[in-house]
Amino acid sequence: MQSPAQIREHYEVERELSDRLRNAGSREERRRLYEEVYRELNERLPHHPLVVRADDSAARDVMTAPQVRLLRSFASRDTSFLEIGAGDAGVARALAPFVSSALALDVTDTNMHGTSRDGNFEFRLFDGFDPGVPAGSMDLAYSMDVVEHLHREDMLEQTAAVLRTLRSGGLYVCVTPNGLSGPHDVSRHFDDSPRGFHLYEYSATELASAFRTAGFSKVKFVVSAAGWRLTPLLPASLLVPVEWVIGRLPRSIRLPVGRGLAAVKLVGVR
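Counting with my numbering, you get residues 199 to 468 for the letters of the sequence shown.
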């Protein structure tokens, strides 16, 4: 656990580095910066929770298990799986025995453990935009805590790129903190809106709209807890009135009520 002084340092470093992305003048500049700023973050903050967790196998397992449980409900032995922003690649590695192939992608290998190839598992570096796999070659794509770290234009480009990798009927399960209960990055200790590496936190309604703009034919959602699916795939349009009401509550009420939206996971259908 970080001390108050470490949290303040974490906040200042994230603000400094994320402002490079916010102030970048072009997509090309941001493409270069993503790998640079995240690598620098890990080097400057050895007490960052993700850096600490990367060296703690038990903590990694605790975080990985519910994600794998949820993904197995969408997968079969014939599934080609793609994870975007895989971090330590623990999810793809753990899911690999249950699918035909598991490919993990990230802009940095700083938190990677183990080999980059193991049976039907593979880890690759990518530029944050182009997955580098043939169009229509994947059945199931997944990201957790990724899209909120992207410039909004880059998020649309990445989402469209993920769409191109999917076969007809393929699914993209996208897990991201809901902006109605944010901020969820380190700035929650100091600000009312994200100022760190969360460049934008989406409501489910906003994320569904972005998925449609990127080209997904349908946008659904599931409700899950601890990785257990509690509902079938449901139309994302059902969330619009729910979030409309929550979004108009006073902040002191909206934040605790909005935390329940963490159970909602958006699913784009090719």
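Backbone N, C-alpha and C define an ideal beta-carbon position, used for all residues, glycine too.
The model shown is predicted, which means the values in this text are computed figures rather than measured ones.
- Inter-residue distance for V440 and G466 is about 20 Å (C-alpha atoms, whole angstroms).
- Between F272 and L369, the gap from beta carbon to beta carbon is short of 8 Å.
- For V211, the enclosing alpha helix (DSSP H) has its first and last residue at 202-220.
- Under the three-state reduction of DSSP, D390 is assigned to coil, being neither helix nor strand.
- Here the C-alpha atom of Y340 lies approximately 31 Å from the C-alpha atom of E207.
- In the three-state reduction of the DSSP assignment, Y232 falls in the helix class.
- Taking 8 Å as the upper bound for CB-CB distance, G283 and L361 are not in contact here, some 16 Å apart.
- Counting of Cβ neighbours within 10 angstroms places N221 among the exposed residues, the total staying below 16.
- If you keep only unbroken alpha helix (DSSP H) runs of at least 4 residues inside the stretch 376-445, you get 402-412, 437-445.
- An exposed status is given to A257, since fewer than 16 other beta-carbon atoms sit within 10 Å of its beta-carbon.
- Listed in chain order, the non-local C-beta contacts of G394 below 7 Å within the same chain comprise Y209, E212, R213, S216, D383, V384, S385, local neighbours out to five positions each way being set aside.
- Nearest in C-alpha terms to R267, of all of L293, V250, L248, is L293.
- It is roughly 13 Å from the alpha-carbon of R427 to the alpha-carbon of L464.
- CA-to-CA, the gap between F327 and R230 works out to about 11 Å.
- Judged by beta-carbon spacing, Y400 lies within the 8 Å limit of E346, meaning their Cβ atoms are closer than that value.
- A direct Cα-to-Cα measurement between N309 and T411 gives close to 32 Å.
- Around the Cβ of D352, a 10 Å sphere holds 16 or more other Cβ atoms; the residue is buried.
- Excluding sequence positions up to five before and after M261, its CB lies within less than 8 Å of the CB of R251, G288, all in the same chain and listed in chain order.
- Pairing V417 with T429 gives a Cβ-Cβ distance that is not under 8 Å.
- Comparing alpha-carbon positions, the option among A408, R270, M199 lying closest to H246 turns out to be M199.
- Cβ-Cβ distances below 6 Å link N240 to V249, T308 in the same chain, with the five nearest sequence neighbours on each side left out; the list follows chain order.
- Under DSSP, V373 forms a beta bridge with M342.
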